[in-house]
Amino acid sequence: DAGVTQSPTHLIKTRGQQVTLRCSPKSGHDTVSWYQQALGQGPQFIFQYYEEEERQRGNFPDRFSGHQFPNYSSELNVNALLLGDSALYLCASSYKLAKNIQYFGAGTRLSVL
Amino acid sequence: AQSVSQHNHHVILSEAASLELGCNYSYGGTVNLFWYVQYPGQHLQLLLKYFSGDPLVKGIKGFEAEFIKSKFSFNLRKPSVQWSDTAEYFCAVDDNQGGKLIFGQGTELSVKP
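As given, the protein sequences belong to chains G and A, one line each in that order. FYI, the numbering for the first sequence is 355 to 467, going by the working numbering. FYI, the numbering for the second sequence is 62 to 174, going by the working numbering.
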C-alpha cells in the first residue's frame with residue numbers, strides 16, 4: 355500500500371520562474387492538503403483540495419494555486435517565484451470524513467536562486 | 062487567528078530521562094490536537110491525537126499527552142526516552158475540524174546514549 359508520494363524530491367529555480375509540484379495521495383484517500391515548511395519552522399497550511407475544488411486556504415498569495423485531478427492526485431503551482439519561496443513543500447492526504455487525520459509525504463525541497 | 066506555541070526549541074536529554082514538551086494554543090472552543098514526529102531523514106508521522114473524551118491520550122512508542130482545556134495546553138510526555146527518540150516534534154491544532162492544521166515551530170529532541 356503506497357503512502358503519499360511527491361515529485362520531484364528537489365528542485366532549483368530562479369526568481370520569476372514558475373514551478374509545479376506533484377502529489378499522489380495514499381490509497382483510499384480523497385483529500386489533499388499542501389503545506390510550506392521554511393527552515394527551522396513548522397509547516398504552514400497553503401490550501402486543501404477535495405472533489406477537485408479548493409476547500410480551504412491559508413494566508414498565501416494568489417501566486418500559489420493548485421489543482422486536483424479525478425484520481426485524487428494534486429498539483430501545487432507557484433508563479434513568479436521569490437527567494438522567500440525557498441522551502442520544503444509537503445503534501446498530506448486524508449479521507450474526507452476525517453480530513454484532519456493526515457498522512458504526509460517526504461516533501462519537495464524547492465530552492466529559488 | 063489560531064496559533065500554536067512550543068516552549069522549547071531544542072531539548073537535550075540522556076537516555077532513560079523523562080520527557081515533557083510543552084504546547085499551547087491561543088484560544089479555545091472545540092479543538093482537535095495532534096503531535097507529529099519527524100525522525101532524521103523521514104517524513105512527518107502522527108504520534109497521537111486528541112478529539113474528545115479522556116484528556117490523557119496514549120500514542121505510539123510509549124508517548125502520551127495531556128489536554129488541559131483551562132490552560133489551552135497539550136503537553137507531550139514520555140517516562141523514559143531512548144536514543145531512537147531523537148527527532149523533531151511538532152504540535153498542531155485544528156479548530157474547525159476541517160483539516161487546516163496549524164503547527165507550532167517544533168522542538169528538536171536530542172537523546173544522548
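Cβ atoms here follow ideal geometry from the backbone N, Cα and C, with glycine treated the same way.
When C-alpha distances from Ser87/A are compared across Phe133/A, Lys139/A and His71/A, the shortest belongs to Phe133/A. Annotated as distal: Gln391/G and Cys445/G, with beta-carbon spacing of 8 Å or more. As DSSP reads the structure, Leu107/A sits in a beta bridge with Tyr97/A. For Leu467/G, there is no enclosing beta strand (DSSP E), since its DSSP letter is neither H nor E. Among the residues facing chain G, His104/A is included, as its CB has a counterpart in that chain under 8 Å away. By the neighbour-count criterion, in which a residue is buried when 16 or more other Cβ atoms sit within 10 angstroms of its Cβ, Asn136/A is buried.
With 16 or more other Cβ atoms inside 10 Å of its own Cβ, Phe95/A counts as buried. One finds nothing in chain A with a Cβ atom closer than 8 Å to the Cβ of Phe414/G; even the nearest lies about 12 Å away.
A check of alpha carbon separations from Tyr150/A across Gly160/A, Phe164/A and Ser141/A identifies Phe164/A as the nearest. Per the DSSP secondary-structure output, Asp155/A pairs in a beta bridge with Asn93/A. DSSP places Gln391/G inside the beta strand (DSSP E), whose first and last residues are Thr385 to Gln391. By the beta-carbon neighbour count (other beta carbons within 10 angstroms, threshold 16), Leu162/A is buried.
Taken in chain order, the whole beta strand (DSSP E) runs of length 3 or more contained in the stretch 357-419 of chain G are 359-361, 364-367, 373-378, 385-391, 398-404 and 407-411. Cβ-Cβ distances below 8 Å link Gly370/G to Ala434 and Leu435 in the same chain, with the five nearest sequence neighbours on each side left out; the list follows chain order.
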